[in-house]
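A.B. asks:
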Amino acid sequence: MGHPYQNVAIAAGFNTKQARVLEGHTSLSIAIEAALGVMESAGLTPADVDGVFGEFAMDLTYSLGMGPVYASSPGIGGIPAILDAANAIAAGHCKTVLLAGGGAGIYTDRSAVAPWTRVSHEFVLPFGMFTALEFAFIARRHMTMFGTTPEQMAQAAATIRNNGHVNPEAVFYGRGPFTAADILSSRMVADPFHLLDCSMTAEGGCALVLTTADRAADLKLPPVYIHGGGVDHNGPSYQFPPSFDLRGASPDSPPNGYVGRRAAMRSFAMAGVQPSDVDVCELYDPFSFEIIRQVEAFGFCEPGEGGEFVTNGPMGPGGALPLTTDGGLMSFSHGGGTVQLLQRVIRATHQIQGLCQTTQVPNVDLALCSNGGAGALFNDVMILGRTRP
Amino acid sequence: MTALEPQRSGEIRIPRASPISQPFWEGCDRGVLPYQRCDSCSKANFNPVYICRFCTSKSLSWHESAGLGTIYSWTIAWRPQFPSFATPYAPIIVDLDEGYQMISNLVGCDTEEVHVGMRVSTYFHRVADRTLPYFTPLEISRGVMFGE
Chain A
1 MGHPYQNVAI AAGFNTKQAR VLEGHTSLSI AIEAALGVME SAGLTPADVD GVFGEFAMDL
61 TYSLGMGPVY ASSPGIGGIP AILDAANAIA AGHCKTVLLA GGGAGIYTDR SAVAPWTRVS
121 HEFVLPFGMF TALEFAFIAR RHMTMFGTTP EQMAQAAATI RNNGHVNPEA VFYGRGPFTA
181 ADILSSRMVA DPFHLLDCSM TAEGGCALVL TTADRAADLK LPPVYIHGGG VDHNGPSYQF
241 PPSFDLRGAS PDSPPNGYVG RRAAMRSFAM AGVQPSDVDV CELYDPFSFE IIRQVEAFGF
301 CEPGEGGEFV TNGPMGPGGA LPLTTDGGLM SFSHGGGTVQ LLQRVIRATH QIQGLCQTTQ
361 VPNVDLALCS NGGAGALFND VMILGRTRP
Chain B
1001 MTALEPQRSG EIRIPRASPI SQPFWEGCDR GVLPYQRCDS CSKANFNPVY ICRFCTSKSL
1061 SWHESAGLGT IYSWTIAWRP QFPSFATPYA PIIVDLDEGY QMISNLVGCD TEEVHVGMRV
1121 STYFHRVADR TLPYFTPLEI SRGVMFGE
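Heads up: the protein sequence lines correspond to chains A and B, in order. Per this note's numbering, the very first residue in the first sequence carries number 1; after that it's consecutive. Per this note's numbering, the very first residue in the second sequence carries number 1001; after that it's consecutive.
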């Protein structure tokens, strides 16, 4: 049997303008801009699309005059939605899938934390919880178990923020450069996280088009192939204690502190590669510590070695393994909803296509990207490649 | 050094109890900390559940925790969720002695005293129309209480 995605390709990824505030836009209006943008990039029109996925699937289908189409709008967006689209193409349900996200006009009351970071559940809300605090619980356990330091977390944040600093498309373009000391001198938000250990908030849209490998070969941009993918979820975010030691019934399942390990192992197995084969990592960066956790969970290093890996190791300054090259959620954009989830995959796509204006890694064959984190009880992985699997 | 104090009454939004959580919140109103234990596998379950998370049994009974536990993880919030929250406050995950975890806030000590492994006990605090189960360091709870 061949590779499950041997006849599936990502034809294009597209980001609209990202900004702290996009005046006059709603989440849907910026998602529509993203949908039009990605079709222009790929050289497609709405008439070519016969599958629509993602949070605005129904609105986009009608707004762009498509239909009837194969549609799916899973509550779990980002990488799972992209894999679902690939599965639908592989099964022959549709040939060309549009998947878009947008976030605008949502975060208006700046005296409170952003709406998508607020928790609403009865066992977390009365204790003042929000996402930074949920993720801080995981970081604290790692500090306790392995001696991981705020300085190590700060270096991961500085590396990503410096990629945004040089990227004219990033919301925080020109805000740096940053050292770990700069991160540590920003105000404390959720101990051990300082302000600059945390992702930012912004507005923006983005979209992807997936199609058959045969059709992708005739479109405007080089096709990018899905070599591997995996999805790890432990339950709803922000209702239960985000325990490092939370476990499922399966005896070989990793604890929540290493959620994403199973997804990564499946991704590497599907791709037939190992961590040392990866040329660039577009890791999801809601908080600095999550980089340290993910490199351990995904097998780039052993448990407890992540702090060293991002400071003096391959992901440290001058290291061989580039990290979140557009500036990520910390500096590029964080629009809420599924936008920033999809943007990790879009950046990996652009790295393989050679389209990055800044921090383009030469000759990328394999790019790994991720979504989520242990504080939210999920972590998904995709490995994209330049050659057909 | 900054003292960790209970939130002021009446300013925190509290969600409605769900059908399965009602016994928990009623217990807090009486100054006890209820939790469910599975009649089949005898494991403790929290948050409240419809079926046992460990063996899927539907046979669960409510028990009262002694309210004693150990801090499993902690953080200090210096930026509030909503402006109605006074900072700093200290969210914690507590390992209850009965074998389950819950999220709460630590009160009654200074921010710099919080640590993993700290022994704590319940401190019930009335907010709006609900009694919140906070925790406080065990050595302090047995001595002088904060506030007047």
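For each residue, glycine too, the CB sits at the ideal point set by N, CA and C. Model, not experiment: these values are computed from the prediction.
Classify Pro236(A): buried if its beta carbon has 16 or more other beta carbons within 10 angstroms, exposed otherwise.
C.D. replies: On the first sequence, position 236 is the one that residue 236(A) refers to. Exposed.
A.B. asks: What would DSSP say about Ile291(A), mapped onto helix, strand or coil?
C.D. replies: Translated into the one-based positions of the first sequence, residue 291(A) becomes position 291. Reduced to three states, the DSSP call for Ile291(A) is helix.
A.B. asks: Whole beta strand (DSSP E) runs in the region 164–223 of chain A with 3 or more residues, listed along the chain?
C.D. replies: 188–190, 204–212
A.B. asks: Starting from the Cα of Ala157(A), find the closest Cα among Gly204(A), Thr324(A), Val259(A) and give me that residue.
C.D. replies: Within the first sequence, numbered from 1, the residue matching residue 157(A) stands at position 157. Comparing Cα-Cα distances from Ala157(A) to each of Gly204(A), Thr324(A), Val259(A), the minimum goes to Thr324(A).
A.B. asks: Considering Cys1041(B), what are the terminal residues of the beta strand (DSSP E) in which it resides?
C.D. replies: Within the second sequence, numbered from 1, the residue matching residue 1041(B) stands at position 41. Run containing Cys1041(B): none; DSSP gives neither H nor E here.
A.B. asks: Whose C-alpha, out of Arg1053(B), Ala1077(B), Pro1083(B), Val1049(B), is nearest the C-alpha of Ile1012(B)?
C.D. replies: Taking the first residue of the second sequence as position 1, residue 1012(B) is located at position 12. Comparing Cα positions, the closest option is Pro1083(B).
A.B. asks: Short of 7 Å Cβ to Cβ, which residues in the region 123–149 of chain A face chain B?
C.D. replies: Result list: Phe123, Val124, Leu125, Pro126, Phe127, Gly128, Met129, Phe130, Leu133, Ala136, Phe137, Arg140, Arg141, Thr144.
A.B. asks: Near Ser41(A), which residues of its chain fall below 6 Å by C-beta distance, leaving aside the five closest residues on each side in sequence?
C.D. replies: Within the first sequence, the letter at position 41 stands for residue 41(A). Here the set comprises Ala12, Phe14.
A.B. asks: Would you please state the rounded distance, in angstroms, between the beta carbons of Pro322(A) and Phe300(A)? I believe it to be under 8 Å.
C.D. replies: Position 322 of the first sequence, counting from 1, holds the residue named residue 322(A). Position 300 of the first sequence, counting from 1, holds the residue named residue 300(A). No, Pro322(A) and Phe300(A) are not in contact; Cβ-Cβ is about 13 Å, not under 8 Å.
A.B. asks: Give me the Cα-Cα distance between Arg1030(B) and Asn163(A), rounded to the nearest whole angstrom.
C.D. replies: Counting from one through the second sequence, the residue named residue 1030(B) turns up at place 30. Counting from one through the first sequence, the residue named residue 163(A) turns up at place 163. Straight-line Cα distance between these residues: approximately 55 Å.
A.B. asks: Quick check: the Cα distance between Thr212(A) and Ala9(A), rounded to an integer number of angstroms?
C.D. replies: The residue given as residue 212(A) occupies position 212 in the first sequence. The residue given as residue 9(A) occupies position 9 in the first sequence. Between Thr212(A) and Ala9(A), the C-alpha separation is close to 6 Å.
A.B. asks: Gly1143(B) by DSSP, collapsed to three states: which one?
C.D. replies: The residue labelled residue 1143(B) in the question sits at position 143 within the second sequence. Because Gly1143(B) sits at a pLDDT of 42, beneath the cut-off of 50, its placement in the model cannot be relied upon, and the following sentence gives the value as read from the coordinates. Gly1143(B) falls in the coil class under three-state DSSP.
A.B. asks: Quick one: which residues of the region 110–121 of chain A get their C-beta closer than 9 Å to a C-beta of chain B? List them in chain order.
C.D. replies: Correct list: Ser111, Ala112, Val113, Thr117, Arg118, Val119, Ser120, His121.
A.B. asks: What are the boundary residues of the beta strand (DSSP E) that includes Tyr1134(B)?
C.D. replies: Counting from one through the second sequence, the residue named residue 1134(B) turns up at place 134. That run of the beta strand (DSSP E) goes 1130–1137.
A.B. asks: Run down chain B in chain order and give the residues with a C-beta less than 8 Å from the C-beta of Ser243(A).
C.D. replies: The count along the first sequence starts at 1 and reaches residue 243(A) at position 243. Against Ser243(A), the close residues of chain B are Tyr1072, Ser1073, Ile1093, Gln1101, in the order they occur along the chain (beta-carbon pairs closer than 8 Å).
A.B. asks: According to the neighbour-count rule (16 or more other Cβ atoms, all chains shown, within 10 Å of its Cβ), is Thr1002(B) buried or exposed?
C.D. replies: The count along the second sequence starts at 1 and reaches residue 1002(B) at position 2. When all chains shown are included, Thr1002(B) counts as exposed.
A.B. asks: If you follow the beta strand (DSSP E) that Asp245(A) is part of, which residue opens it and which one closes it?
C.D. replies: Your numbering for residue 245(A) matches position 245 in the first sequence. Taken as a continuous stretch (DSSP letters only), Asp245(A) belongs to no beta strand (DSSP E), as it is neither H nor E.
A.B. asks: Using a Cβ cut-off of 8 Å (strictly closer), state whether Val189(A) contacts chain B.
C.D. replies: Taking the first residue of the first sequence as 1, we reach residue 189(A) at position 189. Closer than 8 Å: yes.
A.B. asks: I'd like to know whether the C-beta of Thr332(A) is nearer than 8 Å to at least one C-beta of chain B.
C.D. replies: On the first sequence, position 332 is the one that residue 332(A) refers to. With the sequence shown as reference, residue 332(A) is identified as Phe, and Thr is not the correct amino acid for it. Taking Cβ atoms only, chain B never reaches closer than 8 Å to Phe332(A), which makes this a no.
A.B. asks: Which residues, in order along the region 14–42 of chain A, keep a beta-carbon less than 8 Å from a beta-carbon of chain B?
C.D. replies: Flagged: no residues at all.
A.B. asks: Could you work out which residue in Ala1077(B), Phe1124(B), Glu1113(B) is closest to Val195(A) when comparing CA atoms only?
C.D. replies: Your numbering for residue 195(A) matches position 195 in the first sequence. First, the amino acid is wrong: residue 195(A) is Leu here, not Val. The option with the nearest alpha carbon to Leu195(A) is Ala1077(B).
A.B. asks: Is there a Cβ of chain A sitting closer than 8 Å to that of Arg1008(B), yes or no?
C.D. replies: Sequence index remark: in the second sequence, residue 1008(B) carries index 8 (1-based). Arg1008(B) does not count as touching chain A.
A.B. asks: Scan the region 12–90 of chain A and note each continuous beta strand (DSSP E) run of 3 residues or more that stays entirely inside, going in chain order.
C.D. replies: Taking only runs of at least 3 residues, the beta strand (DSSP E) segments lying wholly in the region 12–90 of chain A are 51–53, 70–72.
A.B. asks: When you compare the CB positions of Gln351(A) and Val280(A), do they come within less than 8 Å of one another, or not?
C.D. replies: Counting from 1 along the first sequence, the entry for residue 351(A) is found at position 351. Counting from 1 along the first sequence, the entry for residue 280(A) is found at position 280. Cβ atoms of Gln351(A) and Val280(A): closer than 8 Å.
A.B. asks: Which chain B residues sit within Cβ distance under 7 Å of Phe240(A)?
C.D. replies: Position 240 of the first sequence holds residue 240(A). One finds Asn1047 in chain B with Cβ atoms closer than 7 Å to the Cβ of Phe240(A), taken in chain order.
A.B. asks: Can you list, in chain order, the residues of the region 1076–1089 of chain B whose Cβ is nearer than 7 Å to any Cβ on chain A?
C.D. replies: Ile1076, Ala1077, Trp1078, Arg1079, Pro1080, Gln1081, Phe1082, Pro1083, Phe1085, Tyr1089
A.B. asks: Output needed for Ser1104(B): all residues of its chain with C-beta closer than 7 Å, excluding positions within five of it in sequence on either side, in chain order.
C.D. replies: Locating residue 1104(B) in the second sequence gives position 104, where the first residue counts as 1. Excluding residues within five positions, the ones whose Cβ falls inside 7 Å are Ile1092, Val1094, Pro1133, Tyr1134, Phe1135.
A.B. asks: List the DSSP bridge partners of Asp326(A).
C.D. replies: One-based indexing of the first sequence puts residue 326(A) at position 326. Asp326(A) pairs with nothing; no bridge assigned.
A.B. asks: The beta strand (DSSP E) with Pro317(A) in it runs from where to where?
C.D. replies: Taking the first residue of the first sequence as 1, we reach residue 317(A) at position 317. Neither: Pro317(A) is in no beta strand (DSSP E) and is coded neither H nor E.
A.B. asks: Which residues share a DSSP beta bridge with Cys1052(B)?
C.D. replies: Your numbering for residue 1052(B) matches position 52 in the second sequence. Cys1052(B) pairs with nothing; no bridge assigned.
A.B. asks: Determine contact between the region 142–158 of chain A and the region 177–185 of chain A, defined as no fewer than three beta-carbon pairs at a distance below 8 Å.
C.D. replies: yes
A.B. asks: Quick one: is Val1116(B) near chain A, going by C-beta distance under 8 Å?
C.D. replies: The residue labelled residue 1116(B) in the question sits at position 116 within the second sequence. By this cut-off, Val1116(B) is an interface position.
A.B. asks: Anything in chain A within Cβ reach of Leu1096(B), meaning under 8 Å, just list it in chain order.
C.D. replies: Position 96 of the second sequence, counted from the start, is the residue given in the question as residue 1096(B). Within chain A, no C-beta atom comes nearer than 8 Å to that of Leu1096(B); the closest sits roughly 11 Å away.
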